[in-house]
Amino acid sequence: IQVLYLPEGEDPDSLFRRHGREVFVALIDRCRTRPHYSEELLLSACLLYADTYYFFKGEFCLFTEVIHTILRSDNLLFEHGDYRTILSHLAEGYPEADLEMVLRGVADGLHAEYDGMVRQDVEAFRLLYPEASNYREMYLVRLLFFYTENRILKDIRKTVRALLQSSPDETGQRLEMLVHIAERRELLRHVAENLDRPGTVWG
């Protein structure tokens with residue numbers, strides 16, 4: 046399921062009336078036809094906007110505690126090893142241009158495929174929140190939380206499958222899995238609470 050989040054007080058009808066059919070259909074089509082909340086999209090935002098990673102670390106946002114918890118849980122960030130290395134490079138304050146050749150090639154590929162998507166999303170967010178001066182930051186925080194929500198759900202599903210396949214005799218291991226699932230569900234609750242969800246369009 047993919048979702049399109051609308052500004053507070055808006056619903057699909059009011060959005061349609063305000064912006065017209067073409068804008069409304071374009072928003073729905075973008076949600077249906079491209080990957081949302083992937084690590085490629087998130088890393089592309091980090092590369093495109095130099096201050097993104099520091100913003101995610103909580104230095105300039107209202108969600109410091111939750112974001113710090115997410116970033117301390119390394120396995121909830123990127124699964125792709127090269128992406129982790131690139132993000133660490135940015136986090137240490139080094140410019141993208143200083144990446145070694147192979148990683149620079151990875152970054153160039155992400156720019157080519159995702160920069161347009163990120164810019165379109167930021168612009169769509171600006172149109173949906175015309176009175177917000179920090180619309181870009183709002184978009185980036187949403188992107189991080191949506192991505193993290195998906196990663197937590199994926200991790201829970203993986204652990205549940207392992208639990209169902211484990212032997213009843215493996216008491217200690219099964220208990221660890223149950224504790225892990227409980228911890229992930231609690232983190233998921235915090236992430237969901239920080240995602241205000243007015244006017245949802247399901248697709």
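If you're matching positions, the sequence shown starts at 46 in the numbering used here and goes up one per residue.
No residue lacks a Cβ here, since even glycine has one placed at the ideal position from N, Cα and C.
Treat the numbers as computed from the prediction; the structure is a model and nothing was measured.
May I have the straight-line CA-CA distance separating Gly-161 from Leu-185, to the nearest angstrom?
Stepping through the sequence shown from its first residue, residue 161 is reached at position 116. Stepping through the sequence shown from its first residue, residue 185 is reached at position 140. Cα to Cα, Gly-161 sits roughly 15 Å from Leu-185.
Which full runs of the alpha helix (DSSP H) of 4+ residues lie inside the region 115-188, going along the chain?
If you keep only unbroken alpha helix (DSSP H) runs of at least 4 residues inside the region 115-188, you get 126-136 and 146-173.
What distance in whole Å lies between the Cβ atoms of Glu-84 and His-125, which are believed to be in contact at a cut-off of 8 Å?
Locating residue 125 in the sequence shown gives position 80, where the first residue counts as 1. Locating residue 84 in the sequence shown gives position 39, where the first residue counts as 1. His-125 to Glu-84, Cβ: 6 Å. Contact.
Identify the continuous alpha helix (DSSP H) that holds Pro-269 and give its terminal residues.
This structure leaves residue 269 out entirely; the chain is present only between 46 and 248.
Exposed or buried, which one is Arg-196 when buried takes at least 16 other CB atoms within 10 Å?
Position 151 of the sequence shown, counting from 1, holds the residue named residue 196. Around the beta carbon of Arg-196, 16 or more other beta carbons sit within 10 angstroms, so the residue counts as buried.
Residue interval of the alpha helix (DSSP H) (run including Glu-85)
Taking the sequence shown and counting its residues from 1, one reaches residue 85 at position 40. Note, Glu-85: alpha helix (DSSP H), 84-93.
Does the region 214-233 come close enough to the region 125-142 that 3 or more CB-CB pairs lie under 8 Å?
Taking a cut-off of 8 Å for Cβ pairs, the region 125-142 and the region 214-233 do not touch, as fewer than three such pairs fall below it.
Identity of the residue in Lys-203, Glu-182, Phe-61 and His-64 nearest Ala-90 by Cα
Here residue 90 corresponds to residue number 45 of the sequence shown, with the count starting at 1. Just measuring C-alpha positions, the residue of Lys-203, Glu-182, Phe-61 and His-64 sitting nearest Ala-90 is Glu-182.
Glu-194 (DSSP reduced to helix, strand or coil)
Here residue 194 refers to the residue found at position 149 of the sequence shown. Of the three classes helix, strand and coil, the one that applies to Glu-194 here is helix, per DSSP.
Taking DSSP as the reference, what is the three-state secondary structure of Asp-214?
As a first step, residue 214 is located in the sequence shown; it is residue number 169 there, counting from the start. Three-state result, Asp-214: coil.
Nearest-angstrom Cβ-Cβ length linking Leu-93 and Val-163, presumed shorter than 8 Å
Walking along the sequence shown from the start, residue 93 turns up at place 48. Walking along the sequence shown from the start, residue 163 turns up at place 118. By a beta-carbon distance limit of 8 Å, Leu-93 contacts Val-163. Their separation comes to about 6 Å.
With a Cβ-Cβ cutoff of 8 Å, do Leu-188 and Leu-121 count as a contact?
As a first step, residue 188 is located in the sequence shown; it is residue number 143 there, counting from the start. As a first step, residue 121 is located in the sequence shown; it is residue number 76 there, counting from the start. At a Cβ-Cβ threshold of 8 Å, Leu-188 and Leu-121 do not count as neighbours.
Below 8 Å CB to CB, which residues in the same chain sit around Arg-229 once its five sequence neighbours on both sides are set aside?
Within the sequence shown, residue 229 is the residue found at index 184, counting from 1. Cβ-Cβ distances below 8 Å link Arg-229 to Ile-197, Asp-200, Ile-201 and Thr-204 in the same chain, with the five nearest sequence neighbours on each side left out; the list follows chain order.
So Val-236 and Phe-190 are in contact, right, with Cβ under 8 Å, and what is the actual spacing, rounded?
Locating residue 236 in the sequence shown gives position 191, counting from the first residue. Locating residue 190 in the sequence shown gives position 145, counting from the first residue. Indeed, because the Cβ distance is near 6 Å, the residues count as touching under 8 Å.
Whole-angstrom distance between Phe-69 and Phe-61, CA atom to CA atom
As a position in the sequence shown, residue 61 is number 16, starting the count at 1. As a position in the sequence shown, residue 69 is number 24, starting the count at 1. Looking at the two C-alpha atoms, the distance is approximately 6 Å.
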